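Visitor: I have a structure I would like to understand better, so I am pasting it below and will then ask my questions one at a time.
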Amino acid sequence: MPAPAQIPSGTERAIQAQDLYQMQEVTEVALSPRGRSVAYTVRHLASTGSAAPRTQLYVARTSGRDAPRLLSQASTVRAPAWHPEGTHLAFVRPVNGTPQVFVVPLDRSVPYQLTDTPHGAGTPQWGPEGNRLLFASHVPESTVQHKTGRPPPTERPGRAALDTVRAPAPDTLLVLRHTHTLDPLDTLAVDAEGRLRTPTDSTDTLRTPQLSSVPDTLAAPAVDRLAALSSDSLRATLDRFGLRPDTTTVAVRPDTAAAPDGNLAQVRRWMHQNRRSGTALVSSRLEIHGERQLQPTPTYRHHYVVDVPAGLRSGRPARPVPQPVTGGYRSYGQADWLPGGGQVVVSGMPATDRPPDRVRRRNLYVADLDRDRPRRLLRLEQYALSAPSVTTDGNTVAFQLKPLSALSDAPTEVGLFALNGRSQPRIVTSALDRDIASIEWGPDGWYLYATAPSEGGRPLFRFSPFAQDTTDEDPRAQRPSMSADRPTSRDTFTVDSTMVRPAEANQMTTAARAVHAFDVTDATAVYTSTDPTTPSALYANTVSFNDERPLARPNADWLAQRQVATPERITASHDSLTVTGWVTRPGAAADSTRHPLLVQARGGPLTLSAPYTPETWFERQYLAGRGLGLAEVFPQGSAGFGTAFRHANDQNWGPGPAQDVLALTDSVAARSWIDSTQVALAGTGYGGTLTAWLLGQTDRFTAGVALNGVYDLPALLDGGRAWRLVSQEFGEFPKEDVPPDSLADSVSAPDASPPDSTAPRSWTPLHRSSPLAYAHLIRTPLLLMQGGADRRVGPSQGERLYKRLKILDRPVEYVRYPGVGHDVSDSASSRQRLDRLVRTYEFLARFLDVPASPPANRP
């Protein structure tokens, strides 16, 4: 961990709220093939509230001798990817709001726009020869339907996919032809081009002949249909006029009208027009919630390959046309090239007629660039496979695997599979007991690198799954590819204990650091991270990780004039359980000063936990600069402390984790510089849930602040994207005989007792862990903040708890941030981020004895 910069006495001040506008974050990194240069992106927060954050692309030498070079002046650039020869960079930037892939030669500054796909392009990857580039695009369902000509899978009750389209059968017409010339003579006939002839008066003059067997006592009436004549009369008529009957078919124009008062097909077309125009959002899919908006119809992630034209240095060649690699009503995840250059390994859904939302299985496939459909490479029964990463010799693919059980939230692990398909897969990360977040092979294929939450941070780990070969053979020279005929290969396996063969794992960075992105070559590693003294920086190191050096410290200049408080790692124990946290003392605190304490509940289930980001770092420094002591606690259920700790809160989001928070609070509050009578509680995501739950159980805390929490767990099942947490964390879905109702009406009396074991059958562990069940017991002042576009938990969660507390006349305030999702740092504007920080401090200042202004500079 780098040491804090030495700041001359009398020149620094505490970090203030508007310093947020100066903060920069290194977000993505990519090493050149030989490791001599690194491309990275830096995210700047806007200097005004209306402008969006901007991200720019830089290139620097890994030796650190030269200043970084700004490669693109565009406002938003991401996903840099190096050409195999290190001569070009591909990256993504928006064009009229749609992301497209650009390529820029390193010896010139004008990028070339490679793609112009209507639905955008992302995650560019150069092919092994550098003449092709792979990218992904999210394709709407309507486009897939147009390309395939097949209706999408649907679950609309009582409706078919194409019931707005009516293709009537052609009409059959009787044609009367001349007996000898066979020319059509009757007005019912059609001309040579299939059009009806112009009617003549002969249509109404066909009568029974005079010499017929029909009595002529009555005049025969005129007819306009031959079918109205008797068979004898019809034959006599045809003979009289020298005609012979024939038949032909003519197409009938389909009914395309759309009207609210028409027939059923026309009504449906009118409704469909309203759906397409946005008048009505209609859905019958299971996964209706996106991250920040409803998604009534799905999109499908597909891969495309495009030839990179020559001559980018000398001119502007014509833009090539991308060719699809995957297609249909199936989504495909991460892909990686095979060394031969004609195939990619990709994760994706199996072929099925079921609606895609019902299919959680993911297999590995090999997609040949000259074949119509991918071939299955690997299927593990009861597991979803993702994120394939192929060794440079093309012999082994690493992948992530996660159980499909809806009643289990087991950690993500890493498996290996030989691409010849003749041996069973191997699971190599079980001994680490961490939830693997990202994986990447070293170029030689001996080391596999990964990040994972651990002990409150996110270290970089390295695995050694193979015994190293000392031969000098260059694996890149082989350029292997997979044969289309693999008769002795297997592609389906059932996971058992024989597959669990852990590889040696080494932690390469400390748990106090959160590694956000990394890349490695055979000699160099680069990574961007947040650590206790720096919100974001880019580092280079040897692969032995014994020579770390900073390559980019975009926050160094302004931090040189700021006081930075360093957190201390602490633990507390209760009931044979050890709980980890961090405690931060205000930087300018005098030994005799006693400070109020803000306890922050972090961690929890990964889907709801707030990650350790540069903005988390800034929040800690800002509140400490305002005179607050901080205690951050990771209660049971948090990832990064082992499987047993992670599952310690199963069916128990309340009492167990609450005891963890209280145990660490007691430990920190006993310190001499803490005023134990002034303790507040705050949390984001699951931390917000636990904050509200604790305020309904104890009056220990003076004030509370909760952001984007889950307060009504049954409502999460019905109204949030994270609804699968209900079964994973509580072991079951609500029973059919137990009303899975919201808790909004379950406690009506202000002084009613909380549910217990003798409560009605509707009080399940799911209900007992819901803070809303104890709203009537909350009397602590509470600030509820909610992202207005937080579809992960549902934007109504905060409203439910706020409304209940207001009905009970409790001290509560509600803040809603329009357009903001569950991940505030990723979706909020700069001004919204600043408002959240300042509003948190201002609310706490109403009830805690904190300075009304920032501490003065140190004398």
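Counting in the numbering used here, the sequence shown runs from 169 upward without gaps.
Where is the CB? At the ideal position from N, CA and C, for every residue including glycine.
Here the structure is a predicted model, which means the values were calculated and not measured.
Do you know whose CA, among Phe813, Glu1010, Asp687, lies nearest Tyr208's CA?
Guide: Tyr208 has its Cα closest to that of Asp687, out of Phe813, Glu1010, Asp687.
Visitor: Could you check whether Thr255 and Val269 sit closer than 8 Å to each other, using their CB atoms as the reference points?
Guide: Cβ atoms of Val269 and Thr255: not closer than 8 Å.
Visitor: Using the C-alpha atoms, what's the distance from Glu455 back to Gly899?
Guide: For Gly899 and Glu455, the distance between alpha carbons rounds to 20 Å.
Visitor: Just how far apart, CA to CA, sit Pro267 and Arg229?
Guide: About 28 Å.
Visitor: Does the distance from the CB of Ala816 to the CB of Gln804 come in under 8 Å?
Guide: Yes, Cβ-Cβ distance for Ala816 and Gln804 is below 8 Å.
Visitor: Could you tell me if Leu776 is buried or exposed, where buried requires 16 or more neighbouring beta carbons within 10 angstroms of its beta carbon?
Guide: So Leu776 counts as buried.
Visitor: Report yes if the CB atom of Gln819 is closer than 8 Å to the CB atom of Val878, and no otherwise.
Guide: No, they are not a contact pair.
Visitor: Please classify Glu1010 as buried or exposed, where buried requires at least 16 neighbouring CB atoms within 10 angstroms.
Guide: The residue in question, Glu1010, is exposed, as its Cβ has fewer than 16 Cβ neighbours within 10 Å.
Visitor: Report the CB separation of Thr560 from Pro507 in whole angstroms; it is logged as a contact under 8 Å.
Guide: Their Cβ separation, rounded to whole angstroms, is 7 Å, which keeps Thr560 and Pro507 in contact under 8 Å.
Visitor: Mapping the DSSP letters down to three states, classify Leu1012 as helix, strand or coil.
Guide: Helix at Leu1012.
Visitor: Do Pro488 and Asp475 have their C-beta atoms within less than 8 Å of each other?
Guide: Yes.
Visitor: What residue does the beta strand (DSSP E) around Asp614 start on, and which one ends it?
Guide: The question names Asp, but residue 614 is Trp in the sequence shown. First-last for Trp614: undefined, no H or E at that position.
Visitor: Could you tell me which of Arg889, Gly810, Leu765, Arg681 sits nearest to Arg839, measuring between CA atoms?
Guide: The residue with the shortest Cα to Cα distance from Arg839 is Leu765.
Visitor: Expressed to the nearest angstrom, what Euclidean distance is found between the alpha-carbon atoms of Ala724 and Leu706?
Guide: For Ala724 and Leu706, the distance between alpha carbons rounds to 12 Å.
Visitor: Starting from Tyr790, follow the alpha helix (DSSP H) in both directions and report where the run begins and ends.
Guide: Where Tyr790 is concerned, the enclosing alpha helix (DSSP H) stretches over 782-793.
Visitor: Under three-state DSSP, which class holds Gln729?
Guide: Looking at Gln729 - three-state DSSP - the assignment turns out to be coil, as it is neither helix nor strand.
Visitor: Could you tell me if Arg1001 is buried or exposed, where buried requires 16 or more neighbouring beta carbons within 10 angstroms of its beta carbon?
Guide: Result: buried.
Visitor: When we look at the beta-carbon of His684 and count the other beta-carbons within 10 Å, is it buried (16 or more) or exposed?
Guide: Classification for His684: buried.
Visitor: State yes or no: is the C-beta of Ser697 within less than 8 Å of the C-beta of Ala682?
Guide: Their beta carbons are under 8 Å apart, which means Ser697 touches Ala682 by this criterion.
Visitor: Would you mind sorting Val418 into buried or exposed? The rule is 16 or more other CB atoms within 10 Å of its CB.
Guide: It counts as exposed.
Visitor: By Cβ distance below 6 Å, which residues in the same chain neighbour Gln441 in space, the five residues on each side in sequence not counted?
Guide: Excluding residues within five positions, the ones whose Cβ falls inside 6 Å are Ala426.
Visitor: Can you tell me which residues form a DSSP beta bridge with Gln268?
Guide: DSSP output for Gln268 lists Arg261 as bridge partner(s).
Visitor: Just verifying my parser: in three-state terms, what is the DSSP assignment at Gln675?
Guide: Note: Gln675 maps to strand in three-state DSSP.
Visitor: Using only CA atoms, which one of Ala599, Ser598, Asp612, Leu616 lies nearest to Ser606?
Guide: Of Ala599, Ser598, Asp612, Leu616, the residue nearest in Cα terms is Leu616.
Visitor: Check whether the Cβ atoms of Val210 and Val194 lie closer than 8 Å to each other.
Guide: Yes. Within cutoff.
Visitor: Buried or exposed: Thr662, going by 16 or more other Cβ atoms within 10 Å of its Cβ?
Guide: Flag for Thr662 reads exposed.
Visitor: Would you decide whether His944 is buried or exposed? Buried here means 16 or more other CB atoms lie within 10 Å of its CB.
Guide: With 16 or more other Cβ atoms within 10 Å, it is buried.
Visitor: Out of curiosity, what's the CA-to-CA distance linking Ala620 and Ala247?
Guide: Roughly 21 Å between the two C-alpha positions.
Visitor: Any contact of the stretch 433-440 with the stretch 853-870, i.e. 3+ C-beta pairs under 8 Å?
Guide: At 8 Å Cβ cutoff, the stretches do not touch.
Visitor: Which residues bound the alpha helix (DSSP H) around Ser310?
Guide: Residues 309-316.
Visitor: Indicate the three-state DSSP secondary structure (helix, strand or coil) for Trp750 in the structure shown.
Guide: Note: Trp750 maps to strand in three-state DSSP.
Visitor: With distances taken Cα to Cα, identify the nearest neighbour of Ser551 among Ser576, Leu951, Asp407.
Guide: Residue identity differs from the one stated: residue 551 is Tyr in this sequence, not Ser. Nearest of Ser576, Leu951, Asp407 to Tyr551, Cα basis: Ser576.
Visitor: Can you tell which of Gly509, Arg181, Thr285, Asp429 has its C-alpha closest to the C-alpha of Asn299?
Guide: Here the closest residue by C-alpha is Gly509.
Visitor: Compare the Cα-Cα distances from Asn709 to each of Pro703, Pro700, Leu719, Thr702 and report the closest residue.
Guide: Comparing Cα-Cα distances from Asn709 to each of Pro703, Pro700, Leu719, Thr702, the minimum goes to Leu719.
Visitor: Going by DSSP, name the residue or residues bridged to Gly531.
Guide: The sequence shown places Asn at residue 531, rather than the Gly named in the question. In DSSP, Asn531 forms a bridge with Gly516.
Visitor: Rounded to whole angstroms, how far is the Cβ of Phe809 from the Cβ of Thr748, which I believe are closer than 8 Å?
Guide: Contact holds; Cβ gap of about 7 Å.
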